[in-house]
Amino acid sequence: MPEGEKMWELLLAAGIPSVLVSAIVTGCMKRLERREKQRLEETKRREEDRHRLELLQIRGTLAAMSLGEATATALKNGHANGETEQALAYEQRVKHEMREFLEKSGVEHVA
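Mapped onto our numbering, the consecutive letters of the sequence shown carry residue numbers 5 to 115.
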């Protein structure tokens with residue numbers, strides 16, 4: 005066998021497996037990167053949802069406090085002067101926002 009043919013056989017024997025391994029590794033790396041990107045996006049979305057829920061819970065607490073204060077004032081004065089109705093409307097609005105958010109997020113058994 006001539007020297008040139010041996011050289012080509014050696015190059016082919018070494019080159020083909022190397023190219024195949026390189027292609028497989030590249031494909032696996034791209035797949036891993038895509039999975040990591042999806043995981044990071046999901047983590048970010050969950051964090052944003054958690055933040056929104058915390059804000060709604062704070063607003064709900066403030067609405068309940070406002071309603072309690074308006075009720076106490078109305079009882080003390082013996083009549084409601086509009087504060088109670090406003091506080092009740094605010095509380096109901098916040099409650100509905102929270103319910104819609106929880107339903108959208110997939111949380112069940114919301115009262």
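Virtual Cβ for every residue (Gly too), placed ideally from N, Cα, C. Since we're looking at a predicted model, the values are computed, not measured.
- Message: Looking only at its chain, what residues have a beta carbon closer than 7 Å to the beta carbon of residue 77, apart from the 5 residues adjacent to it on each side?
- Response: 87
- Item | Rounded C-alpha distance that separates residue 65 from residue 75 | 15 Å
- Message: Tell me the DSSP secondary structure of residue 31 in three-state form.
- Response: helix
- Return the chain-ordered list of same chain residues with a C-beta closer than 8 Å to the C-beta of residue 94, the five sequence neighbours on each side being excluded. 67, 70, 71
- Query: Between the C-alpha atoms of residue 21 and residue 32, what's the straight-line distance to the nearest angstrom?
  - Reply: 16 Å
- Message: Count Cβ pairs between the segment 45-65 and the segment 90-106 that sit closer than 8 Å; are there 3 or more?
- Response: yes
- Which first and last residues belong to the alpha helix (DSSP H) in which residue 84 is found? Residue 84 -> no alpha helix (DSSP H), and no H or E assigned at all.
- State yes or no: is the C-beta of residue 25 within less than 7 Å of the C-beta of residue 63? no
- Under the assumption that residue 101 contacts residue 60 (Cβ atoms under 8 Å), give the Cβ distance between them as a whole number of angstroms. 6 Å
- Item | Between the CA atoms of residue 7 and residue 14 - distance to the nearest angstrom | 11 Å
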